[in-house]
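Trainee: Residue numbers (the numbering used here), protein chains in the order written: chain D, 1 to 222; chain E, 1001 to 1222.
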DNA sequence: TTTTTTTGTTAGACAAATCTAACTTTTATT
DNA sequence: AATAAAAGTTAGATTTGTCTAACAAAAAAA
Ligand SMILES: [Mn+2]
Ligand SMILES: [Mn+2]
Ligand SMILES: [Mn+2]
Ligand SMILES: [Mn+2]
């Protein structure tokens, strides 16, 4: 079994550079908050365990197996964030630190129950995609509600403003993370928008709309 | 801050011998599943930190501060067990292993929210008392429902039989951990008992009653 | 009260994860 | 191409928690 430290290296290797850009020792060290020498030591160990591909002075990447482990940790991290946020009323900025610990709890049953309890959420409170039980993670283009096309259906995935007045107003309107929204209308006069949520239509200002992050469910679908 | 290992030593020191009997190096080592030499090393460190009282070749005990830390870990352990049991449908015997990990999560807010979410439970699924937020832990005499006096009020704290048929029958009757029960009657003919739970009276067999662990709420009260 | 058994301690070794300081390779700049 | 800068590596040290094997003290048995 992997140590917490090994799990953290894999997860951060997965997150740094968003899976695309090549990563080196120094960059990963800075990201992890340790010294390059420590990263170098750990890379040898992870290579030995066939979790990373790495040649001396070369770039670092995850193996298939390494990626699988990393995604599992990311999944747990984001499920716990969602749980803390939606069940225990943690704020957007409080969840990360605790999820950083909870992501290392070893219990397949617990993860599955958590997922089920939260009704299989697709996004965490920061709007990041939660990998499903198979480790699948659809790539997704986020935008603000202000930019959404009239008539389109979308999912609310995050807020940009974390102030109490804003958040109170959000919940007053019946909005919440992972809610399905439909843009009913946008008025040219002052940019006011009408949004349908849970069978009810509410009217919001453009300023408000700009602070709601969504994923379009119609865009890019055939 | 304490390491997980230090927390485990304190918790097990608290649990071994139920706070009464004096404990030595060998006994604690056996309880923790490590060698006496390891315990000896750790005791020096914990003594240094003023968490245990210990003299060479003497008996081991917790200081005030050590006891406080231990109780906090016990509290978290039992709250998590209760959560897993009552919210995520873990069985009686599955909860311990996961709680062993969750008890080390550092977040005062999380513990408080958990306690609130569970409605401040007094007992965990094994019938052990959950210390409250102040670290108070009333000593308590458990017995089976079969032994309870007619007319007395009590709290169901655990089951002795963990088989599926029994547990299904328990929930069918509307019984559950931390429920308040009243013994309405006991029939001399065959020992059948009538129990009031949630305003309803159900009839149970003596065999059934013997597998329900309770704490009397009337006994020992003035 | 000796002797034996149990209990507890110490020294020395080891694995994991980190660091510093010195060194090497690669890349960028002149 | 030579030099300077950046990136990456290594050796050796440190901390934490563990172990084994040898030793010492205390308790129990004879
Ligand atoms: Mn972590
Ligand atoms: Mn997140
Ligand atoms: Mn533990
Ligand atoms: Mn318990």
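By construction, the Cβ of each residue, glycine as well, lies at the ideal position given by its N, Cα and C atoms. No experiment lies behind these values; they were computed from the predicted model shown.
Please determine if the stretch 192 to 211 of chain D and the stretch 1014 to 1030 of chain E are in contact, where contact requires at least 3 C-beta pairs separated by less than 8 Å.
Mentor: Cβ pair count under 8 Å is below three, so no.
Trainee: Are the C-beta of residue 1117 of chain E and some C-beta of chain D separated by less than 8 Å?
Mentor: yes
Trainee: Quick check on the DSSP output: the beta strand (DSSP E) that includes residue 1181 of chain E runs from which residue to which?
Mentor: 1180 to 1186
Trainee: Residues with a Cβ closer than 6 Å to any heavy atom of ligand 3, in chain order?
Mentor: Result: E/1008, E/1100, E/1103 and E/1104.
Trainee: Residues of chain D with a CB under 9 Å from the CB of residue 1098 of chain E: which are they?
Mentor: Neighbours of residue 1098 of chain E on chain D, chain order: 105, 106, 107, 109 and 110.
Trainee: Distance check for residue 1037 of chain E and residue 1060 of chain E, CA to CA, integer angstroms please.
Mentor: Going from the Cα of residue 1060 of chain E to the Cα of residue 1037 of chain E covers about 15 Å.
Trainee: Who are the near neighbours of residue 141 of chain D in its chain, counting only those whose CB is closer than 8 Å to its CB and skipping five residues on each side?
Mentor: 215, 216, 219 and 220
Trainee: Have a look at residue 166 of chain D and residue 206 of chain D and give me their C-alpha separation to the nearest angstrom.
Mentor: Each residue's alpha carbon lies about 13 Å from the other.
Trainee: Using 7 Å as the cut-off, classify the Cβ of residue 72 of chain D as near or not near the heavy atoms of ligand 2, replying yes or no.
Mentor: no
Trainee: Are any of the Cβ atoms in chain D nearer than 8 Å to that of residue 1062 of chain E?
Mentor: No, its Cβ sits nowhere closer than 8 Å to a Cβ of chain D.
Trainee: Provide the residue span of the alpha helix (DSSP H) that contains residue 82 of chain D, from first to last.
Mentor: 64 to 86
Trainee: Leaving out five residues on either side along the sequence, give the residues of the same chain with a beta carbon under 7 Å from the beta carbon of residue 70 of chain D.
Mentor: 10, 11, 13, 14 and 62
Trainee: So does residue 1041 of chain E have its beta carbon nearer than 7 Å to some heavy atom of ligand 4?
Mentor: no
Trainee: Taking the alpha-carbon of residue 33 of chain D as reference, which of D/16, D/47 and D/114 has the nearest alpha-carbon?
Mentor: D/16
Trainee: Using only the alpha-carbon positions, how far apart do residue 168 of chain D and residue 1043 of chain E sit?
Mentor: 51 Å
Trainee: Any beta-carbon of chain D closer than 8 Å to the one on residue 1101 of chain E?
Mentor: yes
Trainee: Give the interface partners of residue 1113 of chain E over in chain D, defined as CB-CB distance under 9 Å, in chain order.
Mentor: 84, 87, 88, 89 and 90
Trainee: Would you mind working out which of D/173, D/146, D/39 and D/181 sits nearest residue 188 of chain D, comparing C-alpha positions?
Mentor: D/146
Trainee: Can you tell which of E/1086, E/1176 and E/1076 has its C-alpha closest to the C-alpha of residue 1104 of chain E?
Mentor: E/1076
Trainee: How about residue 186 of chain D: is its Cβ closer than 7 Å to a heavy atom in ligand 4?
Mentor: no
Trainee: Quick one, are the C-beta atoms of residue 1078 of chain E and residue 1135 of chain E less than 8 Å apart?
Mentor: no
Trainee: For residue 1174 of chain E, which residues in the same chain have their Cβ closer than 8 Å to its Cβ, ignoring the five residues on either side in sequence?
Mentor: 1197, 1198, 1200 and 1202
Trainee: Can you tell me the Cβ-Cβ gap for residue 159 of chain D and residue 92 of chain D, rounded? I've got them flagged as a contact below 8 Å.
Mentor: 7 Å
Trainee: Inspect the beta-carbon positions of residue 1178 of chain E and residue 1156 of chain E and report whether they are closer than 8 Å.
Mentor: With respect to the 8 Å criterion, residue 1178 of chain E and residue 1156 of chain E are classified as neighbours on the basis of their beta carbons.
Trainee: Is residue 223 of chain D buried or exposed, if buried means 16 or more other CB atoms sit within 10 Å of its CB?
Mentor: For chain D, the structure presents residues 1 to 222; residue 223 of chain D sits outside this window and is missing.
Trainee: By a C-beta neighbour count over all protein chains shown, 10 Å radius and 16 as the cutoff for buried, is residue 8 of chain D buried or exposed?
Mentor: buried
Trainee: Would you list the one or two residues that DSSP bridges to residue 1142 of chain E?
Mentor: E/1215
Trainee: For ligand 4, is there a heavy atom less than 7 Å away from the beta-carbon of residue 1081 of chain E?
Mentor: yes
Trainee: Straight-line CA distance for residue 138 of chain D to residue 1098 of chain E?
Mentor: 30 Å
Trainee: Cα separation between residue 86 of chain D and residue 1086 of chain E?
Mentor: 19 Å
Trainee: Is residue 1128 of chain E a contact residue of ligand 4, with contact defined as CB to any heavy atom under 7 Å?
Mentor: True, at least one ligand heavy atom lies under 7 Å from that Cβ.
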